[in-house]
Amino acid sequence: MTTFDVIDPTTEERVRTVDLASAEETDQAIARARTAFQTWRRFDPADRGRLLRRFADAVDGAIEELAQLEVRNSGHTIGNARWEAGNVRDVLSYYSAAPERLFGRQIPVAGGVDITFKEPLGVVGIIVPWNFPMPIAGWGFAPALAAGNTVVLKPAELTPLTAIRLAELALEAGLPEDVFTVLPGKGSVVGQRLVTNPEVPKICFTGSTEVGQAIMAEAARHLKRVTLELGGKSANIVFADSDLEQAAATAPYAVFDNAGQDCCARSRILVQRSVYDRFLSLLEPAVTGVNVGAPGDESTEMGPLISAHQRETVSSFVEGDDVDVAMRGSAPEGPGWFYPPTVVLPRTTKDRVWTEEVFGPVVAILPFEDEAEAVTMANDTAYGLSGSIWTGDVGRALRVARQVEAGNLSVNSHSSVRYSTPFGGFKASGIGRELGPDALDNFTEVKNVFISTGDA
Ligand code: NAD
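In terms of numbering that gives the first Met the number 0, the sequence shown opens at residue 0 and continues consecutively.
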């Protein structure tokens with residue numbers, strides 16, 4: 000049996016040793032989920048909804064336990080971790096209404112009645128990254144289960160603990176065995192097998208763009224459906240006519256939240272040149288004021304990075320490159336993979352720190368002249384996940400929002416995710432949308448049935 004030592008990124012101590020599933024065990028779990036699907040899909044829709052509400056209640060009762068587990072496994076701040084567990088509860092309760100509302104259509108045709116059904120797909124494979132273990136799992140399994148599918152979910156190697164607990168809570172809530180299976184394992188073993196096993200017709204993958212591309216190529220060989228949520232390099236565009244104090248005070252949290260390990264991080268700040276210097280001077284106290292420390296402390300705003308490897312990757316963008324560090328916050332000494340909030344001034348728009356996803360607490364700032372240049376610079380990236388627009392002019396806000404090539408934009412705020420609205424990326428940031436009313440379409444096939452009425 001292969002095992003994996005889960006390490007606390009704050010103390011660098013072992014939290015637990017987890018057994019990793021083999022390819023054969025993955026096939027067996029898929030086969031059991033396939034059998035369970037035959038029953039789950041035929042459940043009375045009201046009962047399926049009721050079980051999902053019970054699952055949501057079980058998560059609600061375990062919010063603190065799940066949050067504390069995430070603090071230890073992932074180094075997330077306790078405040079964030081509570082929000083993340085609450086998000087799983089909310090997504091479950093949002094989609095618990097779906098089984099009874101998965102309407103088809105009746106389409107007028109000659110000679111009979113034509114109706115459509117939204118049929119579940121079968122066993123859905125969900126592959127989760129380490130940066131938001133709970134929410135990203137829930138965005139996949141809640142709508143998938145609501146639509147009548149069964150799920151085999153692979154958490155990231157580094158962060159399996161909350162997913163394992165969620166599967167236990169599902170059983171405690173009364174979900175039948177094998178409807179929702181969590182299978183810790185390697186991407187190259189369990190993840191790969193989910194993608195190649197022909198009994199899995201749909202893969203939801205969140206992670207890096209490179210792995211997403213490889214999964215899509217492999218899925219194409221089997222004509223599997225895929226939803227891909229990939230990387231980002233989002234722009235925070237600050238116009239001179241905005242509330243500059245508010246824009247500067249909130250900018251650090253739009254990139255340093257979760258220590259920057261957020262696909263929606265606004266890691267490029269674009270500031271109109273006429274207010275560039277003033278923005279930098281307003282930004283400095285906001286950056287140095289970020290409270291970095293032990294994630295279990297209620298007042299901590301930023302914890303450690305997930306691993307020593309991730310810290311090396313992040314520092315390579317600052318230490319190894321020709322970048323000028325404009326300002327830097329603090330980080331605790333001693334154990335823990337902490338990295339201080341860092342603001343850099345790239346020399347050109349070709350610099351690595353401006354073009355590549357850092358996935359750490361490093362933000363790059365450049366000035367722009369006018370609206371047209373802001374849009375050009377914002378779109379000068381392979382990615383297109385999220386972004387923010389700060390302006391007092393509502394017409395400009397909408398003009399720019401329509402032109403920025405990204406799936407999730409916010410005006411005078413940095414919000415990206417609400418469970419009731421769609422989430423996903425343009426360009427290299429992904430394919431498909433999660434959350435919101437339409438996510439169920441990604442977990443169903445439309446079937447058309449014509450019933451002859453015997454009319455001439
Ligand atoms: P990763 O691509 O290395 O791994 C993601 C998951 O895929 C893990 O569970 C891993 O085990 C699995 N995996 C790896 N190789 C595989 C293979 N060949 N076949 C099947 N599965 C495989 O990504 P990561 O480092 O865990 O996460 C960070 C990345 O995720 C960042 O690029 C980030 O932007 C992205 N991300 C995107 C979103 C979004 O919604 N767009 C959200 C969070 C993270």
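All C-beta atoms in this analysis are idealised placements derived from N, C-alpha and C, irrespective of residue type, glycine included.
Proximity of the region 41-61 to the region 107-121 falls short of the contact definition, fewer than three beta-carbon pairs being nearer than 8 Å. When Gln402, Ala146, Glu11 are compared, the shortest CA-CA separation from Glu372 is found for Gln402.
Annotation: the continuous beta strand (DSSP E) that includes Pro119 extends over 111-119. In the structure shown, Gln105 falls within a strand segment according to DSSP collapsed to helix, strand and coil.
Counting along the chain, the unbroken alpha helix (DSSP H) around Phe54 starts and ends at 44-60.
For the ligand NAD, no non-hydrogen atom lies closer than 7 Å to the CB of Ala253. By the 16-neighbour rule on beta-carbons within 10 angstroms, Thr158 is buried. In the three-state DSSP reduction, Arg40 falls in the coil class, being neither helix nor strand. The DSSP assignment places 208-220, 243-249, 252-255 as complete runs of the alpha helix (DSSP H) inside the region 199-262, in order along the chain (cut-off: 4 residues).
Lys153 is bridged by DSSP to Ile126. Here the distance from the Cβ of Lys153 to the nearest heavy atom of the ligand NAD is below 7 Å. The three-state secondary structure of Ser414, taken from DSSP, is coil.
Rounded to whole angstroms, Ala97 and Ala141 show a C-alpha spacing of 10 Å. Bridge partners of Glu433 according to DSSP: Phe422. With respect to the 8 Å criterion, Arg265 and His413 are classified as neighbours on the basis of their beta carbons. The DSSP-derived three-state label of Trp389 is strand.
Between the ligand NAD and Thr205, a heavy atom-to-CB distance of less than 7 Å is present.
Using a cutoff of 7 Å, the CB of Ile430 does not count as near the ligand NAD, since none of the ligand's heavy atoms is closer than that. The beta carbon of Ala61 lies closer than 8 Å to those of Ala84, Arg164, Leu168 in the same chain, with the five residues before and after it left out.
With a threshold of 7 Å, the Cβ atom of Ala28 does not count as near the ligand NAD, since no heavy atom of the ligand is closer than that. CA-CA distance, Arg53 to Gly124, rounds to 23 Å. Asn447 and Trp39 have their alpha carbons spaced roughly 22 Å apart. One thing to note: Ser428 has its Cβ within 8 Å of the Cβ of Tyr382. Within the chosen limit of 7 Å, the ligand NAD does not reach the beta carbon of Ala20 with any heavy atom. By the beta-carbon neighbour count (other beta carbons within 10 angstroms, threshold 16), Gln260 is buried. The C-beta of His308 has fewer than 16 other C-beta atoms within 10 Å across all chains shown, which makes the residue exposed.
Ile364 carries a strand assignment under DSSP once its states are collapsed to helix, strand and coil. Under the DSSP assignment, Leu193 falls outside any beta strand (DSSP E), being part of the alpha helix (DSSP H) whose first and last residues are 191-195. Remark: the C-beta of Leu229 is in contact range of the ligand NAD, defined as less than 7 Å to any heavy atom. In the DSSP assignment, Ser409 forms a beta bridge with Ser387.
Judged by DSSP secondary structure, Asp323 falls within the beta strand (DSSP E) whose first and last residues are 323-327.
Relative to the Cα of Asn235, the nearest Cα in the group Asp59, Ser409, Val70 belongs to Ser409.
Straight across, the Cα-Cα distance linking Ala136 with Asn441 is about 15 Å. In this structure Lys232 is in contact with Glu356, their Cβ atoms being roughly 5 Å apart against a cut-off of 8 Å.
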